[in-house]
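Numbering (the numbering used here), first residue to last: 4 to 213.
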């Protein structure tokens with residue numbers, strides 16, 4: 004990546020993204036963060052300049068800078084991605100930790116965070132704007148639609164399909180072939196052995212509706 008990156012969000016996920024870009028030798032120009040109490044502070048040696056709609060900095064995106072959205076709240080993340088699409092006509096870049104193992108036959112879209120130790124097996128698919136936390140595994144032919152969040156240490160089994168905007172907590176196991184509907188929530192530590200309908204929240208071993 005030739006251009007420096009502006010990171011939207013300076014909380015924990017932003018710090019994770021900064022570490023990834025640093026490890027990949029990518030210059031981070033600065034952070035934009037809506038919490039005004041953070042403005043003027045630094046993370047490492049990188050400044051938190053202003054809010055995510057600060058035109059003085061957002062106007063650089065697509066010209067002199069790239070963008071990465073490091074916000075966990077799914078609605079806010081979607082809004083920021085739409086803002087970048089509509090006003091700057093750009094896609095956020097990926098942040099992929101160098102320790103991640105990604106098969107040459109896997110597919111990965113735009114704006115994804117792939118943290119330390121993530122494994123993407125052959126023919127797995129990660130669409131756009133997903134968050135894969137440390138040690139998550141997508142087995143062969145598993146698929147994530149857009150804006151899916153996969154917690155640390157979770158395993159998405161062979162051929163499983165995860166619908167858009169789904170939240171998967173830490174240490175979840177989704178067995179092979181299971182389909183998760185959009186906007187579902189899977190509680191931490193759950194073992195999902197059957198399909199989950201759209202919008203449902205499930206928890207437990209085996210996972211049941213809450």
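Ideal Cβ placement from N, Cα and C applies to all residues, glycine included.
Need the endpoints of the alpha helix (DSSP H) that residue i sits in, please.
| i | result |
| --- | --- |
| residue 84 | 77–86 |
| residue 276 | No answer is possible for residue 276: it lies beyond the span of the chain, which begins at 4 and ends at 213. |
By the 10 Å Cβ neighbour count, where 16 or more other Cβ atoms means buried, how is residue i classified, buried or exposed?
| i | result |
| --- | --- |
| residue 78 | exposed |
| residue 8 | buried |
| residue 43 | exposed |
| residue 30 | exposed |
| residue 149 | buried |
| residue 76 | exposed |
| residue 95 | buried |
| residue 97 | buried |
| residue 142 | buried |
| residue 92 | exposed |
| residue 15 | exposed |
| residue 118 | buried |
| residue 66 | exposed |
| residue 201 | exposed |
| residue 136 | buried |
So the beta strand (DSSP E) residue i belongs to, where does it begin and stop?
| i | result |
| --- | --- |
| residue 53 | 49–53 |
| residue 206 | 204–206 |
| residue 70 | 69–72 |
| residue 35 | 31–35 |
| residue 8 | 8–11 |
What would DSSP say about residue i, mapped onto helix, strand or coil?
| i | result |
| --- | --- |
| residue 174 | coil |
| residue 45 | strand |
Name, in chain order, the residues that DSSP records as bridge partners for residue i.
| i | result |
| --- | --- |
| residue 91 | For residue 91, which the question treats as bridged, DSSP gives no partner whatsoever. |
| residue 60 | DSSP, once it has assigned bridges, lists no residue as partnering residue 60. |
| residue 164 | 146, 182 |
| residue 124 | Partner(s): none; residue 124 has no beta bridge. |
| residue 98 | 116 |
| residue 66 | DSSP lists no partner for residue 66. |
| residue 194 | 176 |
| residue 151 | Answer by DSSP bridge pairing: none, since residue 151 is not bridged. |
| residue 158 | 140, 176 |
| residue 129 | 111, 147 |
| residue 199 | 183 |
Would you say the beta carbon of residue i comes nearer than 8 Å to a heavy atom of the ligand MG?
| i | result |
| --- | --- |
| residue 16 | The ligand MG is absent from the structure shown, which contains no ligands of any kind. |
The region 95–103 touching the region 46–63, judged by at least three CB pairs closer than 8 Å:
With fewer than three CB-CB distances shorter than 8 Å, the region 95–103 does not count as touching the region 46–63.
The region 170–182 contacting the region 52–70, beta-carbon criterion three pairs below 8 Å:
Because the criterion of three Cβ pairs below 8 Å is not met, the region 170–182 and the region 52–70 do not touch.
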